[in-house]
Amino acid sequence: MQRTIKTLSIENNPNCKENLLIWAQQFDTAIWLDSNNYKQQYTSFQAALAVDEFTAIKTDFTNAFDKLKEYQSVTKDYIFGYLSYDLKNDVEQLSSSNFDGLRFADLYFFQPQKLIFIKNKTIEFHYLPLVDDEIEKDFNAIIHNVNSSKSNNLALENSLDIKARISKKEYLQKINKMLDHIKRGDIYEANFCQEFYVENTEIDPLTIYNNLNAISEPPFAVFLKIEHQYLLSASPERYLRKQGGKIISQPIKGTAKRLPNTNEDLKSALRLERDIKEQSENVMIVDLVRNDLSKSAKKGSVRVEELCKIYSFKQVHQMISTVVSDIKEETHAITVLKDTFPMGSMTGAPKVSAMNIIESLEETKRGLYSGAVGYFTPNGDFDFNVVIRSILYNQKQHYTSYSVGSAITSKSIPENEYQECLLKAAAMRYVLSNAK
251 MQRTIKTLSI ENNPNCKENL LIWAQQFDTA IWLDSNNYKQ QYTSFQAALA
301 VDEFTAIKTD FTNAFDKLKE YQSVTKDYIF GYLSYDLKND VEQLSSSNFD
351 GLRFADLYFF QPQKLIFIKN KTIEFHYLPL VDDEIEKDFN AIIHNVNSSK
401 SNNLALENSL DIKARISKKE YLQKINKMLD HIKRGDIYEA NFCQEFYVEN
451 TEIDPLTIYN NLNAISEPPF AVFLKIEHQY LLSASPERYL RKQGGKIISQ
501 PIKGTAKRLP NTNEDLKSAL RLERDIKEQS ENVMIVDLVR NDLSKSAKKG
551 SVRVEELCKI YSFKQVHQMI STVVSDIKEE THAITVLKDT FPMGSMTGAP
601 KVSAMNIIES LEETKRGLYS GAVGYFTPNG DFDFNVVIRS ILYNQKQHYT
651 SYSVGSAITS KSIPENEYQE CLLKAAAMRY VLSNAK
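Printed below as a string of structure tokens:
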């Protein structure tokens, strides 16, 4: 579908990004993607906002990828949305029966009437013809921050009571059970996750998101609003990108704390770089990704561009690898996603065995957590993050949740894995504990 495109300068409007996200709050459906100007090889824009659905697809896992393939093929336009972790049940003979306090649909995508990109010092409006006469009015509202639905600035009566779905004692017991599976040879590695949650409380999603993003400034931040359901994500991880005939996957395995002292911070990064356990975790996932990509790749085209490279973010150092492939000409974009989903960094190896064991030991349905948020372009290219370091909120249910996990291998020490989870949870806990 043809869109009206208009590019305008924002060189003298330093608050344009902030105003744009405030302006978006008036819509029932909005997805905001922000790279936070993080320097990376594969990127298309600084930020993107998709609002006001024209068409949409929302479904459970049953034949979900086939339904998405039909929707994307017929629409032939930009579509934005998410793939929940529980689409694993469409890919394999699996099930999800754990507790779900958030109640997100398994898959949701929409075709926005209004699509806006921030690129360098310009703002690009990509509007459907139905609304293209509103570009100037919207630009004026964004620049001057008028007629915007601002955050609610909720005054919470009490500090948020953050609870753990499982106790530390239970967590350690479950890790030991996972280690038993590894010793028996059922799996080599699995990502075990735990949930922290708040009940019977309202939060201000925009304020929480802004605070979380300011703490982390990750390259794959997301603010997602679908009526009463929200995702506030500070994800540092790319799941999968299609750029022409090239597929890019960048799994993260390996985390170390940032330290205020420059020399100590450098030592922390070096310790991560040399950590044999973290390297082995990363390499195992790289092998899994290579295998997944090979299903739709041209023969001999799967290759590792970066192995176990250390990237630094505001709160943590991460060990990231980059695996790429060239897809066969006849391969549909959705096929590549289905072949690789769920991502190896959030499952384990062998993948199906790991997912079965994860389901049996975890207490919470993952849902959108450890799924993916992103978009398709009209020509079938796409880019998706991994939903980690994220807060999820169901406004109707007054339920707020964040989950964290770590990769369990034969070298795992349960207490250390628990402490890694707390490190990953620190930013989410902080912004919720200081939500007033």
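When we follow the working numbering, the leftmost residue of the sequence shown carries the number 251, and every step to the right adds one.
C-beta: ideal position from N, C-alpha, C; glycine also.
Quiz prompt | Helix, strand or coil at VAL574 [DSSP, three-state] | solution = On the sequence shown, residue 574 is found 324 positions in, with the first residue counted as 1. Strand.
Exercise. Can you have a look at THR257 and say buried or exposed, based on whether 16 or more other CB atoms are within 10 angstroms of its CB?
Key: As a working note, residue 257 is residue 7 in the sequence shown. With fewer than 16 Cβ atoms within 10 Å of its Cβ, THR257 is classed as exposed.
Quiz item: Between the segment 262-270 and the segment 388-397, do at least 3 Cβ pairs fall closer than 8 Å?
Solution: yes
Quiz prompt | Cβ pair PHE304, LEU357 closer than 9 Å | solution = For this step, residue 304 is matched to residue 54 along the sequence shown. For this step, residue 357 is matched to residue 107 along the sequence shown. No, the Cβ-Cβ distance between PHE304 and LEU357 is not below 9 Å.
Exercise. Classify LEU333 as helix, strand or coil using the three-state DSSP reduction.
Key: Counted from its first residue, the sequence shown places residue 333 at position 83. LEU333: strand per DSSP, three-state reduction.
Practice problem: Enumerate, from N- to C-terminal direction, the unbroken beta strand (DSSP E) stretches of 3 or more residues contained entirely within the segment 510-575. | Solution: 553-562
Quiz item: In or out: GLU407 buried (at least 16 other Cβ within 10 Å) or exposed?
Solution: Taking the first residue of the sequence shown as 1, we reach residue 407 at position 157. For GLU407, the pLDDT reaches just 45, beneath the cut-off of 50, and the residue's location in the model is therefore unreliable, although a value from the coordinates is still provided. So GLU407 ends up on the exposed side.
Practice problem: Check the DSSP bridge columns for ASN444 and list the partner residues they point to. | Solution: Locating residue 444 in the sequence shown gives position 194, counting from the first residue. Inspection of the sequence shows that residue 444 is occupied by Gln rather than by Asn. Its beta-bridge partners are VAL654.
Exercise. Grab me the residues of ALA599's own chain with a C-beta within less than 6 Å of its C-beta, minus the 5 sequence neighbours each way, in chain order.
Key: The residue given as residue 599 occupies position 349 in the sequence shown. The residues are TYR438, GLU439, MET534 and LEU538.
Practice problem: Within its chain, find whatever has a CB closer than 6 Å to the CB of PHE375; leave out the 5 residues flanking it on each side and keep chain order. | Solution: Taking the sequence shown and counting its residues from 1, one reaches residue 375 at position 125. For PHE375, where only same-chain residues beyond five positions count, the Cβ hits under 6 Å are LYS256, ILE366 and ILE385.
Practice problem: Determine the burial state of ASN461: buried for a count of at least 16 other Cβ atoms within 10 Å of its Cβ, exposed for fewer. | Solution: Indexing the sequence shown from 1 puts residue 461 at position 211. Classification for ASN461: buried.
Quiz item: Taking Cβ positions, are VAL623 and GLY351 nearer each other than 9 Å?
Solution: The count along the sequence shown starts at 1 and reaches residue 623 at position 373. The count along the sequence shown starts at 1 and reaches residue 351 at position 101. Their beta carbons are not under 9 Å apart, which means VAL623 does not touch GLY351 by this criterion.
Quiz item: For ARG491, which beta-bridge partners are listed by DSSP?
Solution: Indexing the sequence shown from 1 puts residue 491 at position 241. DSSP, once it has assigned bridges, lists ILE498 and ASP633 as partnering ARG491.
Quiz item: With respect to the beta strand (DSSP E) encompassing ASN644, which residues constitute its N-terminal and C-terminal limits?
Solution: Stepping through the sequence shown from its first residue, residue 644 is reached at position 394. From DSSP, the beta strand (DSSP E) with ASN644 extends over 640-644.
Quiz item: Curious, which full-length beta strand (DSSP E) runs of at least 3 residues does the segment 313-358 contain?
Solution: 329-333
Practice problem: Sort LYS475, GLY435, ILE368 and TYR292 by Cα distance to ASN265 and report the nearest one. | Solution: Taking the first residue of the sequence shown as position 1, residue 265 is located at position 15. Of the candidates LYS475, GLY435, ILE368 and TYR292, the one whose C-alpha sits nearest the C-alpha of ASN265 is ILE368.
Quiz item: What are the start and end residues of the beta strand (DSSP E) that includes TYR625?
Solution: On the sequence shown, position 375 is the one that residue 625 refers to. It spans 622-626 - the beta strand (DSSP E) in which TYR625 sits, taken as one unbroken run.
Quiz item: Can you tell me where the alpha helix (DSSP H) with HIS376 in it begins and where it stops?
Solution: In the sequence shown, the residue the question calls residue 376 occupies position 126. Taken as a continuous stretch (DSSP letters only), HIS376 belongs to no alpha helix (DSSP H), being part of the beta strand (DSSP E) at 372-377.
Quiz item: In or out: MET678 buried (at least 16 other Cβ within 10 Å) or exposed?
Solution: On the sequence shown, position 428 is the one that residue 678 refers to. Counting Cβ neighbours within 10 Å, MET678 comes out buried, since at least 16 surround it.
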